[in-house]
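Scroll down for the structure; my scribbles are underneath it.
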Amino acid sequence: FLGFCDEPLPDGAALHYPPPDIAHPVGRQAQVDKLRQAQHQAGSVPVIAFTHSYGTPADVRQRIATAAGAMGDAARLWVNRYGYLS
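My numbering numbers the first residue of the sequence shown as 3 and each following residue consecutively.
As structure tokens, this is what we get:
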């Protein structure tokens, strides 16, 4: 559904915002594809990857690494931080 996940979902109702102890259903490859598409469409204008720190620590680290890796040497990241991680 809308290319959010690596595996097809039956419909948008299958997507949900999980509690902080469960990893997000959005797939790594889907994130990489969207970031690369955005940079391709932006041309020489830098794209800042926006990710969030909501989820398990391993899930957060994976999303940050995915965003940084997808953008290559020109990686720029914005990480939205949630208070419960303090």
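All residues carry an ideal CB built from backbone N, CA and C; glycine is no exception.
Go to T53, then tell me how far its beta strand (DSSP E) extends in each direction, as first and last residue.
-> The count along the sequence shown starts at 1 and reaches residue 53 at position 51. That run of the beta strand (DSSP E) goes A51 to H54.
Using the C-alpha atoms, what's the distance from H26 back to Y19?
-> Residue numbering aside, residue 19 sits at position 17 when the sequence shown is read from its first letter. Residue numbering aside, residue 26 sits at position 24 when the sequence shown is read from its first letter. Cα-Cα distance, rounded: 7 angstroms.
CB-CB under 6 angstroms to N82, same chain, minus the five flanking residues each way: which ones, in chain order?
-> Taking the first residue of the sequence shown as position 1, residue 82 is located at position 80. The beta carbon of N82 is closer than 6 angstroms to those of H54 in its chain, skipping five residues each way along the sequence.
Is the beta carbon of A51 less than 8 angstroms from the beta carbon of R78?
-> One-based indexing of the sequence shown puts residue 51 at position 49. One-based indexing of the sequence shown puts residue 78 at position 76. Yes; because the gap between Cβ atoms is below 8 angstroms, this pair is in contact.
Which first and last residues belong to the beta strand (DSSP E) in which L79 is found?
-> Counting from one through the sequence shown, the residue named residue 79 turns up at place 77. Where L79 is concerned, the enclosing beta strand (DSSP E) starts and stops at L79 to N82.
Hey, would you say C7 sits closer than 8 angstroms to V28, going by beta carbons?
-> Here residue 7 corresponds to residue number 5 of the sequence shown, with the count starting at 1. Here residue 28 corresponds to residue number 26 of the sequence shown, with the count starting at 1. Between C7 and V28, the C-beta gap is smaller than 8 angstroms, which places the two residues in contact.
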